[in-house]
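Trainee: Before I ask anything, let me first share the structure, which is written out below as structure tokens.
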Amino acid sequence: MILGRITGNVVSTIHHPIVEGRKLLVAERLDKNGKPTGGYVIAFDAIGAGYGETVLILDEGNGARQILDDDNAPVRSIVVGIVDAVELESS
Amino acid sequence: MILGRITGNVVSTIHHPIVEGRKLLVAERLDKNGKPTGGYVIAFDAIGAGYGETVLILDEGNGARQILDDDNAPVRSIVVGIVDAVELESS
Amino acid sequence: MILGRITGNVVSTIHHPIVEGRKLLVAERLDKNGKPTGGYVIAFDAIGAGYGETVLILDEGNGARQILDDDNAPVRSIVVGIVDAVELESS
Amino acid sequence: MILGRITGNVVSTIHHPIVEGRKLLVAERLDKNGKPTGGYVIAFDAIGAGYGETVLILDEGNGARQILDDDNAPVRSIVVGIVDAVELESS
Amino acid sequence: MILGRITGNVVSTIHHPIVEGRKLLVAERLDKNGKPTGGYVIAFDAIGAGYGETVLILDEGNGARQILDDDNAPVRSIVVGIVDAVELESS
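Chains as they are written, first to last, in my numbering: chain A, 18 to 108; chain B, 18 to 108; chain C, 18 to 108; chain D, 18 to 108; chain E, 18 to 108.
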């Protein structure tokens with residue numbers, strides 16, 4: 018899993034039926050300190066994440082399909098948690 | 018999923034039978050602002066995408082095979098939507 | 018598999034039920050000499066790893082689900098061993 | 018799928034029985050304009066590709082095993098087509 | 018598959034039972050000319066590879082599990098051949 022931040026969404030009128038009715042979130046990838054890395058993923062949402070929120074993203078297709086309970090979902094990335102904090106080791 | 022833009026197609030006369038009859042699109046990868054990243058994928062088409070169009074590409078083999086409804090498709094990347102707009106968070 | 022070092026954990030109050038009750042470790046990726054590479058993964062824990070420990074991380078979903086003995090685990094990365102030493106060839 | 022060019026092959030006398038009798042091609046990765054990227058893959062051959070030829074390479078294990086019709090093939094990359102041309106959009 | 022060179026091994030006293038009894042090799046990744054790329058993988062061994070040897074590494078979990086004949090092996094990378102030579106095209 019990786020950390021991301023929801024920054025937008027994709028609008029698509031023409032698409033494969035299997036995409037129908039699913040919100041397509043744009044999430045920028047974050048490093049472990051919460052800074053954007055420059056990368057992004059387009060992810061489905063399993064928990065109701067909002068713009069600007071830091072989230073936990075599963076980036077593995079078979080696991081993602083099991084969460085959606087849909088063996089046919091065209092999915093690789095899915096938002097599975099809202100991140101309250103990342104507690105880093107201090108020494 | 019990732020964002021891409023259709024920039025061409027691959028012509029292949031000699032190929033494995035399983036590729037027969039499928040158009041092979043060249044799609045450059047885009048960042049979340051729609052700028053080319055320098056990377057590309059060769060993708061099948063599930064929706065009828067045209068040259069120059071910004072598209073949504075699923076880059077995961079098992080999901081892609083389910084969209085084509087063909088368990089034997091030699092596929093990793095498939096175009097699943099035409100992107101009208103990417104709405105980015107503004108604050 | 019890759020080498021990592023546990024540097025923290027993710028706190029998430031709102032999440033998909035399937036994440037419930039699992040500790041989410043932040044592990045920085047290490048190179049083969051044990052130096053951080055700058056990358057990280059968020060991993061589940063199968064062995065009771067503690068902060069600062071160097072660990073062995075499996076980064077492949079199907080294998081990770083088998084270790085957790087849970088076909089539905091939303092997992093790609095899992096800590097499977099604590100590393101005592103990396104013995105490098107000397108000539 | 019990606020574009021590659023066959024540049025050599027790997028000679029291996031001692032190997033797992035499952036590799037026996039399969040030619041191991043070295044293919045350098047090409048960008049969408051046909052320039053080498055510096056990367057490479059070692060691929061099996063499903064079509065009879067020759068040295069110097071530009072080819073289409075599937076880089077996904079489950080799809081590759083289906084092409085070889087061998088559920089046990091230790092394969093991730095396989096050559097599935099010879100590329101005659103890459104037609105790029107001109108405006 | 019990729020080319021690697023065995024440079025060491027990982028010592029782990031505390032680990033998941035499924036790792037028990039398997040040697041964990043450290044293999045640096047090589048480019049197609051046999052030069053180290055800076056990357057590495059930790060791999061299981063299917064053929065009896067020794068330190069300093071150039072090897073062929075399969076980096077795909079499902080194929081790797083089939084080679085070990087163990088559906089539960091926590092594995093992504095496995096050494097499947099010792100490389101005698103890489104024959105590159107000369108023109």
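Cβ coordinates follow ideal geometry from the N, Cα and C atoms, glycine included. It should be emphasised that the depicted structure is a prediction, and the values quoted were computed from it without experimental measurement.
In three-state DSSP terms, what is A/I95?
Mentor: Of the three classes helix, strand and coil, the one that applies to A/I95 here is strand, per DSSP.
Trainee: With burial defined as no fewer than 16 other Cβ atoms inside 10 Å of the residue's Cβ, what is the status of C/T24: buried or exposed?
Mentor: Result: buried.
Trainee: Taking B/P53 as the reference, which of B/I95, B/R22, B/V97 has the closest Cα?
Mentor: It is B/R22 whose Cα lies nearest to the Cα of B/P53.
Trainee: So that I know if they touch, is there some Cβ in chain C lying closer than 9 Å to that of E/T30?
Mentor: Taking Cβ atoms only, chain C reaches closer than 9 Å to E/T30, which makes this a yes.
Trainee: Do you know how far the Cα of A/T30 is from the Cα of E/Y116?
Mentor: In this structure chain E extends from 18 to 108, so residue 116 of chain E is not present and cannot be described.
Trainee: If you reduce the DSSP assignment to three classes, tell me which class D/V72 lands in.
Mentor: D/V72: strand per DSSP, three-state reduction.
Trainee: In or out: C/K40 buried (at least 16 other Cβ within 10 Å) or exposed?
Mentor: By the 10 Å Cβ count, C/K40 comes out exposed.
Trainee: Would you list, in chain order, the members of the segment 45-62 of chain A that have their beta-carbon closer than 8 Å to a beta-carbon of chain C?
Mentor: Those residues of the segment 45-62 of chain A that come within reach of chain C (Cβ to Cβ, closer than 8 Å) are D48, K49.
Trainee: Report yes or no: is there a C-beta of chain D within less than 9 Å of the C-beta of B/L41?
Mentor: So yes, B/L41 belongs to the interface.
Trainee: Check the C-beta distance from C/H32 over to A/I19 and give it rounded, since I have them as a contact under 8 Å.
Mentor: With a Cβ gap of about 15 Å, C/H32 and A/I19 do not count as contacting.
Trainee: For C/N79, which residues does DSSP report across the bridge?
Mentor: Paired residue(s): none; C/N79 is not in a bridge.
Trainee: So, A/R46 versus B/E77, is the Cβ gap smaller than 9 Å?
Mentor: No, the Cβ-Cβ distance between A/R46 and B/E77 is not below 9 Å.
Trainee: Please classify A/G55 as buried or exposed, where buried requires at least 16 other C-beta atoms within 10 Å of its C-beta.
Mentor: Classification for A/G55: exposed.
Trainee: What does E/E106 reach in chain D if we use C-beta pairs closer than 8 Å?
Mentor: Under the 8 Å cutoff, chain D gives I23, T24, G25, Y68, G69.
Trainee: By the DSSP assignment, the beta strand (DSSP E) with B/D48 in it spans what residues?
Mentor: Premise fails: B/D48 is in no beta strand (DSSP E) and is neither H nor E.
Trainee: Determine the DSSP secondary structure at E/L41, reduced to helix, strand or coil.
Mentor: The answer is coil: DSSP assigns E/L41 none of H, G, I, E or B.
Trainee: Closer than 7 Å, Cβ to Cβ, to anything on chain E: give me those residues from the segment 91-103 of chain C, in chain order.
Mentor: Hits within the stretch, in order: V97, G98, I99, V100, D101, A102, V103.
Trainee: May I ask you to report which of helix, strand or coil DSSP gives D/V36?
Mentor: In this structure, D/V36 counts as helix in the three-state DSSP scheme.
Trainee: Going along chain B in order, which residues have a C-beta closer than 7 Å to the C-beta of A/I35?
Mentor: Within 7 Å Cβ-Cβ: I84.
Trainee: Taking the alpha-carbon positions, what's the A/V43 to A/E37 distance?
Mentor: Answer to the nearest angstrom: the Cα atoms are 17 Å apart.
Trainee: What is the DSSP secondary structure of B/I84, counted as helix, strand or coil?
Mentor: Here B/I84 sits in helix by DSSP.
Trainee: Please report the residue range of the beta strand (DSSP E) in which E/E104 lies.
Mentor: Where E/E104 is concerned, the enclosing beta strand (DSSP E) stretches over 102-105.
Trainee: Please decide whether E/D87 counts as near chain D, where near means a Cβ-Cβ distance under 9 Å.
Mentor: It does not; no Cβ of chain D falls within 9 Å.
Trainee: Would you kindly work out how many angstroms separate the C-alpha atoms of E/G69 and E/L105, rounded to a whole number?
Mentor: Rounded to whole angstroms, E/G69 to E/L105 spans 21 Å at the Cα level.
Trainee: For a contact defined as C-beta to C-beta under 7 Å, what are the partners of A/G15 on chain B?
Mentor: Look at the range of chain A in this structure, 18 to 108, and you will see that residue 15 of chain A is not part of it.
Trainee: Please report how far the alpha carbon of C/F61 lies from the alpha carbon of D/V100, in whole angstroms.
Mentor: Looking at the two C-alpha atoms, the distance is approximately 43 Å.
Trainee: Kindly indicate which residue of D/I59, D/G67, D/K49 has the alpha-carbon position closest to the one of B/I59.
Mentor: Taking only the C-alpha atoms, the option nearest B/I59 is D/K49.
Trainee: Across which residues does DSSP place B/A60 in a beta bridge pair?
Mentor: The partner list for B/A60 (beta bridge, DSSP) reads B/L42.
Trainee: With H, G and I counted as helix, E and B as strand and the rest as coil, what does DSSP make of B/I31?
Mentor: In this structure, B/I31 counts as coil in the three-state DSSP scheme.
Trainee: Figure out for me which residue from E/A66, E/I35, E/A81 has the closest Cα to the Cα of D/A109.
Mentor: Residue 109 of chain D lies beyond the stretch modelled for chain D, which goes from 18 to 108, so this question has no answer here.
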